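Below is one structure, written out as structure tokens, with a few remarks after it.
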């Protein structure tokens with residue numbers, strides 16, 4: 152009897168969660184700020200359409216001036232995502248890790264940067280500041296030569312939120328983003 156109950160509970164849970172999963176994959180509607188501007192294209196009368204475009208573009212410009220909206224192009228999103236590499240981010244539509252074709256961007260699985268400065272944390276552990284201002288620390292000792300400023304480091308995403316840093320071909324060590 153217990154297995155029948157568990158099976159029914161599992162099927163019931165799937166029935167409840169299936170619509171939630173379906174709605175999560177549907178694309179969000181366009182922003183209410185830009186929708187009126189796009190609706191101007193539906194107006195057949197040329198002078199009325201021009202007046203609509205003028206009115207709605209002025210509204211969009213005013214919202215931009217008041218910093219109520221921000222327009223990001225793909226390059227700005229990529230730069231922002233790269234600067235946030237190593238942090239846990241909430242699921243935002245423009246930071247979802249997918250490109251237009253639905254493929255995960257390869258540059259977000261790893262970054263390559265130059266070490267700007269190095270500071271010893273003791274016991275073979277180091278804090279590295281990269282050329283973009285990001286600070287990373289090793290969570291395990293670096294055996295052998297100490298890291299040096301000016302060297303190139305590749306930081307790759309590991310399993311379960313971990314990161315591995317490899318300085319110019321040396322052995323990879325676990326790392327953690329500090330700032």
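Residue numbers (our numbering): 152 to 330.
Each residue gets a CB set at the ideal place from its N, CA and C atoms; glycine is no exception.
Keep in mind it's a predicted model, so treat the numbers as computed, not measured.
The straight-line gap separating the alpha-carbon atoms of residue 234 and residue 326 is approximately 16 Å. The C-beta separation of residue 299 from residue 324 comes to about 15 Å, leaving the pair out of contact by the 8 Å criterion.
The straight-line gap separating the alpha-carbon atoms of residue 310 and residue 260 is approximately 11 Å. Only residues of its own chain outside the window of five on either side were considered, and among them none has a CB closer than 7 Å to the CB of residue 212. In its chain, beyond the 5 residues on either side, 298, 302 and 304 have a beta carbon closer than 6 Å to the beta carbon of residue 318.
With a threshold of 16 other beta carbon atoms within 10 Å, residue 289 meets it and is buried.
In this structure the segment 272–290 does not touch the segment 220–228; the number of beta carbon pairs closer than 8 Å is below three. Spatial neighbours of residue 328 in its own chain (CB-CB distance under 8 Å, excluding positions within 5 residues in sequence) are listed in chain order as 236, 237, 238, 285, 286, 287 and 314. Collapsing the DSSP output to three states places residue 217 in coil.
Scanning its chain for C-beta atoms nearer than 7 Å, with the 5 sequence neighbours on each side dropped, one finds around residue 293 the residues 275, 277 and 324, in chain order. Here residue 312 is exposed. Its C-beta has fewer than 16 other C-beta atoms within 10 Å. Beta-bridge analysis with DSSP links residue 307 to 261 and 315. Using a 10 angstroms sphere on the CB of residue 316, the tally of other CB atoms reaches 16 or more, which defines it as buried.
Close CB contacts of residue 271 within its chain, under the 7 Å cut and outside five residues either way in sequence, are with 277 (chain order). Under the criterion of beta carbons closer than 8 Å, residue 186 and residue 194 do not qualify as touching, at roughly 14 Å.
Here residue 280 carries a strand assignment [DSSP, helix/strand/coil]. Looking at the DSSP output, residue 184 sits in no beta bridge, so it has no partner there.
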